[in-house]
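Chemist: First the structure, which I've put down as structure tokens, then a few questions once you've had a look.
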Amino acid sequence: MFCYGGGSSRLGVSVPAMNSVQSTSALDVSLMDRAARRGLRGHGHVEPNPMVGCVGVDRDGRVVAESHHRTLGGPHAERLLLQEHGSSLRGGTIYTTLEPCTHQGRTPACTDAILEAGLSRVVVGCLDPNPEASGGVELLREAGLEVTVLQHSPSHELSAIFRHRVTSGLPWVVAKWAQTLDGRLATRQGHSQWISGPRSRRLVHRQRGRVDAILTGIGTVLADDPRLTCRDVRARRVARRVVVDPDLRMPADAALLKTLDVAPLTIACSEQSMTAQSARTKELIGAGVDVLALRRTGDAGLALTDLLIHLSAVHNCSTVMTESGPGLLGSMLRSGLVNEAMVFVAPTVLGDEEAVSAINGFSPATIDEGIGLSLRSMHRRDDDVLLRYGVSSGGAASP
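Now the structure itself:
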């Protein structure tokens with residue numbers, strides 16, 4: 013997947029100077045890389061729409077301008093580019109990371125703007141998975157434009173969140189945790205503040221301000237009493253806090269309940285607990301909490317897929333970041349619900365076999381039976397290292 017922030021984007025290769033030595037295909041890829049980097053600016057602003065970047069080149073091969081989809085409900089990248097620079101692009105080419113849309117939604121169809129602009133060529137990074145909006149390539153070709161589809165990996169990655177939700181109905185899940193060099197979340201006594209350094213923690217707050225929901229378990233709530241809000245950075249959106257609490261053990265004085273005016277809260281409990289604790293359920297609902305009853309699964313957990321469906325369908329969540337203990341994290345991984353892992357590794361060794369491990373709930377007999385990860389990027393943050401992985405169980409290993 014692409015980098016959400018901090019450090020250099022793994023999308024990036026420097027756009028080479030355009031000259032006669034460079035082949036057309038290499039130039040197309042270079043300019044599409046540039047469009048994909050530009051599209052990243054929309055993260056946290058445009059979801060549930062896809063992030064899209066666009067580059068315009070005039071008829072003489074000069075880059076005129078770049079644009080990206082900036083806000084939900086605002087002009088798409090192609091339309092914005094043509095509104096601001098259309099006269100300079102007549103007879104030229106635009107590079108767009110996603111197939112131009114053909115339907116009237118919050119904004120008019122991008123294909124209409126492209127046809128009106130008098131372009132000679134359109135280069136597309138990847139096709140649109142949404143059947144309501146796809147078909148732009150065919151429409152433009154029928155109108156006489158030259159259209160090239162690159163099947164460009166960074167463009168696929170840029171639209172991965174959108175693509176995943178369209179095809180599965182589920183939000184994109186990023187599992188975030190900080191661990192010691194020997195893979196521990198906390199000491200045996202539960203002490204974990206702070207494993208990672210200030211720069212890493214600041215990045216976590218920035219990520220909180222770019223996702224739609226933050227998921228944790230009741231064990232973390234009881235141990236740490238977190239607020240799970242975005243602090244000391246500029247948030248692009250307010251994330252819904254979500255707690256998996258099968259037995260409705262949420263304390264009445266929990267910080268999550270005291271900050272309902274700051275960010276919304278969902279508590280997922282078992283159907284049995286909702287029935288047995290009807291008064292408590294009514295109290296929480298009356299306070300403004302979204303209480304969701306889920307069926308129990310064979311491992312005494314809850315149906316986490318149903319929780320994600322609820323977040324997507326009811327609360328329009330496209331992105332979820334987990335900040336949980338090893339039990340819930342293990343359940344999410346076993347259920348194949350994690351798309352991406354964001355792991356902060358700190359330069360500390362506990363050396364205690366009873367210290368809290370990062371992930372629990374697995375007992376593979378062989379290495380091959382473990383969950384497969386694919387390293388996407390690696391960044392140093394002072395003495396910490398941030399590792400980002402695609403998770404094959406969640407469908408993120410292939411862009």
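The opening residue of the sequence shown carries number 13 in the numbering used here; numbering runs sequentially from there.
Where is the CB? At the ideal position from N, CA and C, for every residue including glycine.
What would DSSP say about Phe374, mapped onto helix, strand or coil?
Modeler: As a working note, residue 374 is residue 362 in the sequence shown. If DSSP states are grouped into helix, strand and coil, Phe374 belongs with coil.
Chemist: Buried or exposed: Ser336, going by 16 or more other Cβ atoms within 10 Å of its Cβ?
Modeler: Taking the sequence shown and counting its residues from 1, the one referred to as residue 336 is at position 324. That one is buried.
Chemist: Give me the Cα-Cα distance between Thr360 and Glu381, rounded to the nearest whole angstrom.
Modeler: If you number the sequence shown from 1, residue 360 lands on position 348. If you number the sequence shown from 1, residue 381 lands on position 369. Cα to Cα, the separation comes out at about 28 angstroms.
Chemist: Taking buried to mean at least 16 other C-beta atoms within 10 Å of its own C-beta, is Phe374 buried or exposed?
Modeler: Position 362 of the sequence shown, counted from the start, is the residue given in the question as residue 374. By the neighbour-count rule (16 or more Cβ atoms within 10 Å), Phe374 is not buried but exposed.
Chemist: Taking three-plus beta-carbon pairs below 8 angstroms as touching, is the region 82-96 in contact with the region 58-69?
Modeler: yes
Chemist: Can you tell me whether Gly68 is helix, strand or coil according to DSSP?
Modeler: As a position in the sequence shown, residue 68 is number 56, starting the count at 1. DSSP places Gly68 in strand when its eight states are reduced to three.
Chemist: Locate the alpha helix (DSSP H) running through Met344, then write down its first and last residues.
Modeler: The residue labelled residue 344 in the question sits at position 332 within the sequence shown. Taken as a continuous stretch (DSSP letters only), the alpha helix (DSSP H) holding Met344 covers Pro338 to Arg346.
Chemist: Exposed or buried, which one is Leu193 when buried takes at least 16 other CB atoms within 10 Å?
Modeler: Residue numbering aside, residue 193 sits at position 181 when the sequence shown is read from its first letter. So Leu193 ends up on the exposed side.
Chemist: Just to confirm before moving on: does the CB-CB distance between Leu277 and Val301 stay below 7 angstroms?
Modeler: Position 265 of the sequence shown, counted from the start, is the residue given in the question as residue 277. Position 289 of the sequence shown, counted from the start, is the residue given in the question as residue 301. Yes, Cβ-Cβ distance for Leu277 and Val301 is below 7 angstroms.
Chemist: According to DSSP, is Glu352 helix, strand or coil?
Modeler: Stepping through the sequence shown from its first residue, residue 352 is reached at position 340. The answer is strand: DSSP assigns Glu352 an E or B state.
Chemist: Could you tell me which residues DSSP puts in a beta bridge with Val186?
Modeler: Here residue 186 refers to the residue found at position 174 of the sequence shown. According to DSSP, which records beta bridges pairwise, Val186 is partnered with Met333 and Glu352.
Chemist: Between Ala155 and the rest of its own chain, which residues show a CB-CB distance below 6 angstroms, the 5 nearest in sequence each way excluded?
Modeler: Sequence index remark: in the sequence shown, residue 155 carries index 143 (1-based). For Ala155, where only same-chain residues beyond five positions count, the Cβ hits under 6 angstroms are Leu127.
Chemist: Mapping the DSSP letters down to three states, classify Ala89 as helix, strand or coil.
Modeler: Working through the sequence shown from its first residue, we reach residue 89 at position 77. Three-state result, Ala89: helix.
Chemist: How many angstroms separate the CA atom of Val254 from the CA atom of Leu240?
Modeler: Position 242 of the sequence shown, counted from the first residue, corresponds to residue 254. Position 228 of the sequence shown, counted from the first residue, corresponds to residue 240. The straight-line gap from Cα to Cα measures roughly 9 angstroms.
Chemist: Excluding five sequence neighbours on each side, which residues of the same chain lie with their C-beta closer than 7 angstroms to the C-beta of Leu151?
Modeler: What you label residue 151 is simply residue 139 of the sequence shown in a count that begins at 1. If you ignore the 5 residues before and after Leu151, its C-beta comes within less than 7 angstroms of the C-beta of Thr114 and Thr123, all in its own chain and listed in chain order.
Chemist: Here's a check: name, in chain order, each residue in its chain whose Cβ is nearer than 6 angstroms to the Cβ of Thr160, leaving out the five neighbours to either side.
Modeler: Taking the sequence shown and counting its residues from 1, one reaches residue 160 at position 148. So the qualifying residues of the chain are Val135.
Chemist: So Gly229 is in the beta strand (DSSP E); what residue range does that whole segment cover?
Modeler: Within the sequence shown, residue 229 is the residue found at index 217, counting from 1. Ala225 to Gly229 is the span of the beta strand (DSSP E), which, as asked, contains Gly229.
Chemist: Determine, using beta carbons only, whether Phe174 and Pro62 come nearer to each other than 7 angstroms.
Modeler: Taking the sequence shown and counting its residues from 1, the one referred to as residue 174 is at position 162. Taking the sequence shown and counting its residues from 1, the one referred to as residue 62 is at position 50. Cβ distance < 7 angstroms, so Phe174 and Pro62 count as in contact.
Chemist: For Ser484, which residues in the same chain have their Cβ closer than 6 angstroms to its Cβ, ignoring the five residues on either side in sequence?
Modeler: Outside the shown range of the chain, which is 13 to 411, sits residue 484, and nothing can be said about it.
Chemist: Could you tell me which of Val185, Val397, Gly73 and Asp45 sits nearest to Leu110, measuring between CA atoms?
Modeler: Walking along the sequence shown from the start, residue 110 turns up at place 98. Selected option, being the one with the closest Cα: Asp45.
Chemist: Please classify Ala121: is it buried, with 16 or more other beta-carbons within 10 angstroms of its beta-carbon, or exposed?
Modeler: As a position in the sequence shown, residue 121 is number 109, starting the count at 1. So Ala121 ends up on the buried side.
Chemist: Which value, in whole angstroms, describes the spacing of the CA atoms of His327 and Val250?
Modeler: In the sequence shown, the residue the question calls residue 327 occupies position 315. In the sequence shown, the residue the question calls residue 250 occupies position 238. Their backbone Cα atoms lie some 12 angstroms apart in a straight line.
Chemist: Taking all protein chains shown into account, do 16 or more other C-beta atoms lie within 10 angstroms of the C-beta of Leu101, making it buried, or fewer, making it exposed?
Modeler: Residue mapping note: residue 101 aligns to position 89 of the sequence shown, counting from 1. Leu101 is buried by the Cβ-count criterion.
Chemist: Terminal residues of the continuous alpha helix (DSSP H) containing Val178?
Modeler: Taking the sequence shown and counting its residues from 1, one reaches residue 178 at position 166. Residues Ala172 to Ser180.
Chemist: Classify Thr83: buried if its beta carbon has 16 or more other beta carbons within 10 angstroms, exposed otherwise.
Modeler: Counting from 1 along the sequence shown, the entry for residue 83 is found at position 71. That one is exposed.
Chemist: Identify the residues that DSSP records as bridge partners of Met390: which are they?
Modeler: For this step, residue 390 is matched to residue 378 along the sequence shown. Leu399.
Chemist: Taking 7 angstroms as the threshold (C-beta atoms), are Gly98 and Ala129 in contact?
Modeler: Indexing the sequence shown from 1 puts residue 129 at position 117. Indexing the sequence shown from 1 puts residue 98 at position 86. Closer than 7 angstroms, so yes.
Chemist: Rank Val186, Asp265, Asp236 and Cys281 by C-alpha distance to the C-alpha of Gly202 and give the top, closest one.
Modeler: On the sequence shown, residue 202 is found 190 positions in, with the first residue counted as 1. Minimum Cα distance to Gly202 is reached at Asp236.
Chemist: Buried or exposed: which applies to Ser35, given that a residue is buried once 16 or more other Cβ atoms fall within 10 Å of its Cβ?
Modeler: On the sequence shown, residue 35 is found 23 positions in, with the first residue counted as 1. Since pLDDT at Ser35 reaches only 44, below the 50 mark, its modelled position is unreliable, and the value read off the structure follows with that caveat. Per the 10 Å Cβ criterion, exposed.
Chemist: With a CB to CB cut of under 6 angstroms and the five nearest residues on each side skipped, what residues in its chain are close to Gly313?
Modeler: Here residue 313 refers to the residue found at position 301 when the sequence shown is read from its first residue. These residues qualify, in order along the chain: Ser343.
Chemist: Looking only at its chain, what residues have a beta carbon closer than 6 angstroms to the beta carbon of Ala190, apart from the 5 residues adjacent to it on each side?
Modeler: On the sequence shown, position 178 is the one that residue 190 refers to. Correct list, in chain order: Ile207, Ser208 and Phe356.
Chemist: Within 10 angstroms of its Cβ, does Arg196 collect 16 or more other Cβ (buried), or is it exposed?
Modeler: What you label residue 196 is simply residue 184 of the sequence shown in a count that begins at 1. With a threshold of 16 other beta carbon atoms within 10 Å, Arg196 meets it and is buried.
Chemist: Which stretch, first to last residue, makes up the beta strand (DSSP E) that contains Gly137?
Modeler: Residue mapping note: residue 137 aligns to position 125 of the sequence shown, counting from 1. First-last of the beta strand (DSSP E) with Gly137: Arg133 to Cys138.
Chemist: What does Ala305 pair with, by DSSP beta-bridge criteria?
Modeler: Translated into the one-based positions of the sequence shown, residue 305 becomes position 293. According to DSSP, which records beta bridges pairwise, Ala305 is partnered with Cys281.
Chemist: Determine the closest residue to Asp265 out of Pro238, Val245 and Glu283, with distance taken between C-alpha atoms.
Modeler: For the purposes of this step, residue 265 is taken as residue 253 along the sequence shown, with counting starting at 1. Of Pro238, Val245 and Glu283, the smallest CA-CA separation from Asp265 is found for Pro238.
Chemist: Tell me, to the nearest whole angstrom, how far the beta carbon of Gln289 is from that of Leu260; I am working on the premise that it is less than 8 angstroms.
Modeler: Stepping through the sequence shown from its first residue, residue 289 is reached at position 277. Stepping through the sequence shown from its first residue, residue 260 is reached at position 248. Yes, Gln289 and Leu260 are in contact; Cβ-Cβ is about 5 angstroms, under 8 angstroms.
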